[in-house]
Amino acid sequence: MPAWLRRLLARIKYRSFDADLRQELDTHRAMAERDLQAGGLSASEARAVASRTLGNVTLAREDARAVWFAPWLESIWQDVKYGSRSLRRSPVFTVMALLTMAIGIGLSTAMFTAFNAIALRGWPVENADSVVLVRLEPSKQRTPTRSQSGFSLDQLDDFQRRSQTLSVVAAKYRAFEYVATSHTARPEAVYGQYVTPGFFEATGVRMQLGRNFRPDEDVDGTGAQVAIISHALWQRTFGGRADVIGQHLYIGKKPFAIVGVTREAWRGELPYRDDLWLPLQTVRLLHKDYVLFADTSSQCCINIVGRLAPGVSRVQAAEELTLLRRQRQHDKTEADRRVHVSDTSLYDQTTGSWRLAVPLAILVVTGLILLLTGANIAHLQLARAIARTREIRTRLALGAGTARVARQLVTESLLLSVLAGAAALAMVYALLDSMMQVAEVPARDMWAPNVAVFAYCATVSVLMSLTFSLLPALRSTRVSLAHGAGLGATPSGRMRFNLVLLTTQIALSTALLTGASLLSRAIVHATTGDFGYAIEGLTIAVYSPSGSAEERQAIAEARRGSLELALASASLPRTAWMYTLPMSTYATVRVRRPQDPPDSAARIDLFPMSASAFEVLGLRIVEGRPYSDRADASEVVVNQRAARSFWPDESALGQALVESDKTYRVVGVSKDAHFSTRESIRPTMHVPVDPRRLPPVIMVRAEGPVINARLKAVIAGVDPGATVVARPLAEQFARDLRDSQAGARAAWAGSALALALATFGVFGVFAHVVEARRREIGIRLALGAGKGDILRSLFRTTRMAVLAGLGGGLLLSLGTGPVLQELLYGLSPFDPIAFGIVAAILVLAGLIATFIPARRAVSVDPAVTLRAE
Amino acid sequence: MEVPDLLPGTLDLLILRILQGDTLHGYAIAQRLKLLSDDVLQVGESSLYPALQRLLLNGYVDAEWGPSENNRKARFYTITRAGRKQLAAERAEFNQLVSAIQRVLEKA
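Same order as they appear, the protein sequences are chains A and B.
First residue of the first sequence? That's 19 in my numbering, and the numbers climb one at a time after it.
First residue of the second sequence? That's -9 in my numbering, and the numbers climb one at a time after it.
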């Protein structure tokens, strides 16, 4: 049996090992004494002689044990046990320190990981390094066409033929289609790409089933009706059936045969989730009005994907492609534009100031967070170190070497950092999980555990622990035995620096809290309050008709007629029609009074709706009457704002408004209401709905799943291929606010963490002050000071810092209020309720932070502290 | 009485040699050593037991609990095969060393 194994076994059976050794030595000594007694000595003499000759029993035992167990290991284990016991004895400190470190490290790590996952990671394909995206940089003249970053088909062709640096050149063009598994099934909206056959070769995406597109399926002018679908779509819509190859997808009623299914790992480019790939030339089939990809038309521009030839760098490729392109351009300004070749990470694709700004911002914020965390830890440790001075002094007096004591403190510190690192790691994953939900990023694979994350957490944790906790602790070992811990009432230099940090923390937390509070209040404000019409009880149905634009136009009139009939007969209450939902802008036009000069035309919001809408919405007509729904009606209704602005001194009824070629006649004035934005009420003009354009929004004043179902049934009965969404208007508004709600949640999360850090900071400083002045407190209490006096004098140290922090935070909030204004949906950035909420939270946090140290302060027993004098 | 400084590792050698013929407990080994060396080598607990533990660790001896002469529980040590091999090797090495020292002392 090898020696190490024996050691291991002995370690496991340690207790019996030790007992055996002890017994053996006792026996030895007993036998020695017996022999000496047999030789004529008395019992006590025998014992004395035996001791002298045999030597130190304890030493013998230790040396014997040392043969088996390396003594240094043993003493380290001893340190660990002592350290954990010591941490357990001061639970408040331990918990605070752990939480502070966990938050600080967790937050900064999460930011790094998020940045890495979103911006720095390339596509999950083989050889992602050699996959490149090719783009045109904007020209110096920023006209709309000259800012396009894509290329024409001709240019693609040219690159394919002449480029030496790219071994494969392919094109992609974003697609958004409604697909169905059969003529009559409900269509599903999917994102995808129109691609040339080289796309999958260039990107290295492999097929799980089936094959890539063949070159003959993407010939100029005609594309074959074939499709490649994603793994997710295959599972979702086709149930993962094994014979999916050869099945058909119906896109715009046209059948496309499925020829391939991509691997599960590939889901297209962020931020989209692509499910569908079609040959590039089929875009003509599906969208007749597309002009295919000339250089300068507004629908231009495919994007180019390529694969670098072996040994070629991206810079070389960019230079070559720029040159190739320049040779074909006759227009000098166009020829100036450079080609940019980037890898597949989002970061590499950005150009300009964002490239520097974002990483820098992250670095700064992370550094700040770590600094604040470290300062908090330092305070906590300082407080604790003072409290332990007696313990350490005793140990030193008993003969422990300074090195040994220092080593024990280091071990304890490392123990804390290990625990904190583990907690930080847990926090990172929790944070990332919630970030994923907030941002609605579906893929879990982006956040796969990363060695770098572990390493970062571990390193920062250890460094922070050593730097910020060790130094104060070590200082206390150098305290001479006769000296007290000399920290007075006036802050020393270092203390002042820490107070500045505290101020910063409080200011930041206040500002963040205010922001979050405002955002939440804004959301409440946006969904409640007076819109000018009654939102509750309204249900809307939005439908997208099937068929192409021409088809729709041709049958619109007929469809609408049948739709009206169907709705009337479906025993629904009165319905209204419009083109867009409220809270969105349909169009703005420039109008003027007939007698005004042409260039005085002012903007007015145009909101077409059927005459029945006034009744359904509950929008009051304050003057005149609603218009009729005649096709060529020039009758309009304006709102009070418009009336006041155009005709301040007279009634608007009967007046005329001229757009460039049309004349409108005002027949009614409606009450001011929010139709386009929540922030303000703009001059609005309501016109009748044009029956030639089938209005896709139906509104009815009734609620309930029955109503929803009936609406859907009616529409489906008239146009089976249409996609219908029916829900209460209030719910629709809430959905539209989803992004804002996510933003508000994120703001609350951020401010909660900042507040936690600040609270721990205040706690730490306060605890430190209390410990440092424990003796003084004891004396004052003995001399008859009241508890209130004690607390007041303690607060004085931190009072300036806290007040400065709150004041700074308030200023910061007031200053950034206007910045947030456009997110606030019309809420005032100085909303008193929001500020009130923040004040309440801060007071609560302050109480929590100071409660325990204050209680410790007033519970100082003067007798105990005086005894220590 | 002081124990003269033995060359390091010599104590282990002597213990193995003593155990070559017999199974003994710790005290008996110390007694035997004292006897055989005419009282020159007197070894105490603090030297003997670490040495015995070393031998145990390396597998040169085995230990077993048993009753001693006066029925006290004592640990009896027996040399193992590996121990015998080690004894032979160390003995040869020791002889080499000692004769080298003696040669230098005579000739120098």
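Glycine is no exception: its CB is placed at the ideal position from the N, C-alpha and C atoms.
Contact with chain A by Glu35(B), beta-carbon distance below 8 Å: On the second sequence, residue 35(B) is found 45 positions in, with the first residue counted as 1. Interface with chain A (8 Å Cβ-Cβ cutoff): Glu35(B) is included.
Selected residue, minimal CA-CA separation from Ala772(A), among Val277(A), Arg139(A), Asn394(A): Translated into positions along the first sequence, residue 772(A) becomes position 754. If we check each option's Cα against that of Ala772(A), Asn394(A) comes out closest.
Identified DSSP bridge partners for His15(B): Residue mapping note: residue 15(B) aligns to position 25 of the second sequence, counting from 1. Per DSSP, Phe66(B).
C-alpha distance - Val143(A) paired with Ser167(A), whole-angstrom precision: For the purposes of this step, residue 143(A) is identified with residue 125 of the first sequence, where counting begins at 1. For the purposes of this step, residue 167(A) is identified with residue 149 of the first sequence, where counting begins at 1. Each residue's Cα considered, the two are about 24 Å apart.
CB of Val149(A) within 8 Å of CB of Ala193(A), strictly: Within the first sequence, numbered from 1, the residue matching residue 149(A) stands at position 131. Within the first sequence, numbered from 1, the residue matching residue 193(A) stands at position 175. No, they are not a contact pair.
Same chain, Cβ closer than 8 Å to Ala146(A), neighbours up to 5 away in sequence not counted: Your numbering for residue 146(A) matches position 128 in the first sequence. If we look at Ala146(A) and ignore the five residues flanking it on each side, its Cβ neighbours are Gly140, Gly222, Asp361, Thr362.
Proximity of Thr406(A) and Phe111(A) at Cβ, strictly below 8 Å: In the first sequence, counting from the first residue as 1, residue 406(A) sits at position 388. In the first sequence, counting from the first residue as 1, residue 111(A) sits at position 93. The sequence as given places Arg at residue 406(A); Thr does not occur at that position. Cβ distance not < 8 Å, so Arg406(A) and Phe111(A) don't count as in contact.
Cutoff 8 Å: Leu54(A) Cβ touching any chain B Cβ: For the purposes of this step, residue 54(A) is taken as the residue at position 36 of the first sequence. So no, Leu54(A) is outside the interface.
Meets three-Cβ-pair contact criterion under 8 Å: the region 589 to 602 of chain A and the region 688 to 702 of chain A: Contact between the region 589 to 602 of chain A and the region 688 to 702 of chain A is present, because at least three Cβ pairs lie under 8 Å.
Closer than 8 Å to chain C by CB, Val110(A): Protein chains in the displayed structure are A and B, and chain C is not among them.
Integer Cβ distance of Ile888(A) from Gly278(A), believed to fall under 8 Å: No answer is possible for residue 888(A): the residues shown for chain A start at 19 and end at 887.
Minimum Cβ-Cβ distance from Ala418(A) to chain B less than 8 Å: The sequence position of residue 418(A) within the first sequence is 400, counting from 1. Cβ-Cβ to chain B under 8 Å: no for Ala418(A).
Cβ of Leu77(A) within 8 Å of any chain B Cβ: Taking the first residue of the first sequence as position 1, residue 77(A) is located at position 59. At least one chain B Cβ lies under 8 Å of Leu77(A).
Three-state secondary structure assigned by DSSP to Leu537(A): As a first step, residue 537(A) is located in the first sequence; it is residue number 519 there, counting from the start. Residue state, collapsed to three classes: helix.
Simplified DSSP state of Lys689(A), which is helix, strand or coil: Start at 1 with the first residue of the first sequence, and residue 689(A) comes out as number 671. In this structure, Lys689(A) counts as coil in the three-state DSSP scheme.
Own chain residues within Cβ distance below 6 Å of Ala84(A), not counting five before or after: Residue numbering aside, residue 84(A) sits at position 66 when the first sequence is read from its first letter. Annotation for Ala84(A): no residue places its beta carbon closer than 6 Å to its own, counting only its chain and skipping 5 residues before and after.
Within chain A, partners of Gly16(B) - CB distance below 7 Å: As a working mapping, residue 16(B) is identified with position 26 in the second sequence. Correct list: Glu42, His46.
Same chain, Cβ closer than 7 Å to Ala61(A), neighbours up to 5 away in sequence not counted: Along the first sequence, read from residue 1 onward, the residue named residue 61(A) stands at position 43. Closer than 7 Å at Cβ, skipping near neighbours: Gln55.
Span of the alpha helix (DSSP H), counted from its first residue to its last, around Leu171(A): Residue mapping note: residue 171(A) aligns to position 153 of the first sequence, counting from 1. Leu171(A) -> alpha helix (DSSP H) spans 171 to 180.
Nearest-angstrom Cβ-Cβ length linking Val186(A) and Arg343(A), presumed shorter than 8 Å: What you label residue 186(A) is simply residue 168 of the first sequence in a count that begins at 1. What you label residue 343(A) is simply residue 325 of the first sequence in a count that begins at 1. Between Arg343(A) and Val186(A) the Cβ distance is about 18 Å, and since that is not below 8 Å, they are no contact.
Contacting residues, own chain, Cβ-Cβ under 6 Å from Gly502(A) (five flanking each side not counted): In the first sequence, counting from the first residue as 1, residue 502(A) sits at position 484. Confidence is the limiting factor: at Gly502(A) the pLDDT is only 40, short of 50, which leaves the residue's position unreliable, though a coordinate-based value still follows. Cβ within range, chain order: n/a, list empty.
Residue from Ala785(A), Ser248(A), Ala760(A) whose Cα sits closest to the Cα of Arg229(A): Taking the first residue of the first sequence as 1, we reach residue 229(A) at position 211. The option with the nearest alpha carbon to Arg229(A) is Ser248(A).
Neighbour flag for Val480(A) against chain B, beta carbons, 8 Å: Residue 480(A) sits at position 462 when you count from the first residue of the first sequence. Not closer than 8 Å to any Cβ of chain B, the Cβ of Val480(A) fails to qualify, so no.
Among Ala744(A), Ile404(A), Leu91(A), Thr127(A), the one whose alpha carbon lies nearest that of Tyr561(A): Translated into the one-based positions of the first sequence, residue 561(A) becomes position 543. Nearest option by C-alpha distance: Ala744(A).
At least 3 beta-carbon pairs within less than 8 Å: the region 379 to 399 of chain A vs the region 115 to 135 of chain A: Output reads yes: the region 115 to 135 of chain A touches the region 379 to 399 of chain A.
CB contact check: Leu47(B) to chain A, cutoff 8 Å: Within the second sequence, residue 47(B) is the residue found at index 57, counting from 1. Interface residue, yes.
Thr45(A) to Gly16(B) span [Cα, whole Å]: What you label residue 45(A) is simply residue 27 of the first sequence in a count that begins at 1. What you label residue 16(B) is simply residue 26 of the second sequence in a count that begins at 1. So the two alpha carbons sit approximately 9 Å from each other.
When Ser846(A), Ala776(A), Leu801(A), Leu812(A) are compared against Ala790(A), the one with the closest alpha-carbon: The count along the first sequence starts at 1 and reaches residue 790(A) at position 772. With distances taken between Cα atoms, Ala790(A) lies closest to Leu812(A).
Separation of Ser36(B) from Ala21(A), as counted between CA atoms: Against the first sequence, residue 21(A) aligns to sequence position 3. Against the second sequence, residue 36(B) aligns to sequence position 46. Within the model, the alpha-carbon separation for Ala21(A) versus Ser36(B) is close to 22 Å.
As assigned by DSSP and simplified to three states, the class of Gly228(A): Residue mapping note: residue 228(A) aligns to position 210 of the first sequence, counting from 1. Strand, per DSSP.
For Phe784(A) and Thr816(A), believed in contact at Cβ under 8 Å, the rounded distance: Your numbering for residue 816(A) matches position 798 in the first sequence. Your numbering for residue 784(A) matches position 766 in the first sequence. Correct: roughly 6 Å between the Cβ atoms.
Beta-carbon proximity list for Leu526(A), same chain, < 6 Å, skipping 5 on both sides: Numbered from 1 along the first sequence, position 508 holds the residue referred to as residue 526(A). Contacts found: Ala772.
Alpha helix (DSSP H) segment containing Leu590(A), residue limits: The sequence position of residue 590(A) within the first sequence is 572, counting from 1. Segment: none, Leu590(A) is in no alpha helix (DSSP H) and carries neither H nor E.
Partners in chain B for Val85(A), counting only beta-carbon separations shorter than 7 Å: Within the first sequence, the letter at position 67 stands for residue 85(A). Per Cβ cutoff of 7 Å: Pro40, Gln43, Arg44, Leu47.
Nearest to Gly735(A) (by Cα), restricted to the options Ile622(A), Leu821(A), Arg756(A), Ser580(A): Locating residue 735(A) in the first sequence gives position 717, counting from the first residue. Taking only the C-alpha atoms, the option nearest Gly735(A) is Ser580(A).
Expected contact under 8 Å - CB spacing of Pro644(A) and Val655(A) to nearest Å: On the first sequence, position 626 is the one that residue 644(A) refers to. On the first sequence, position 637 is the one that residue 655(A) refers to. That pair is a contact at about 6 Å.
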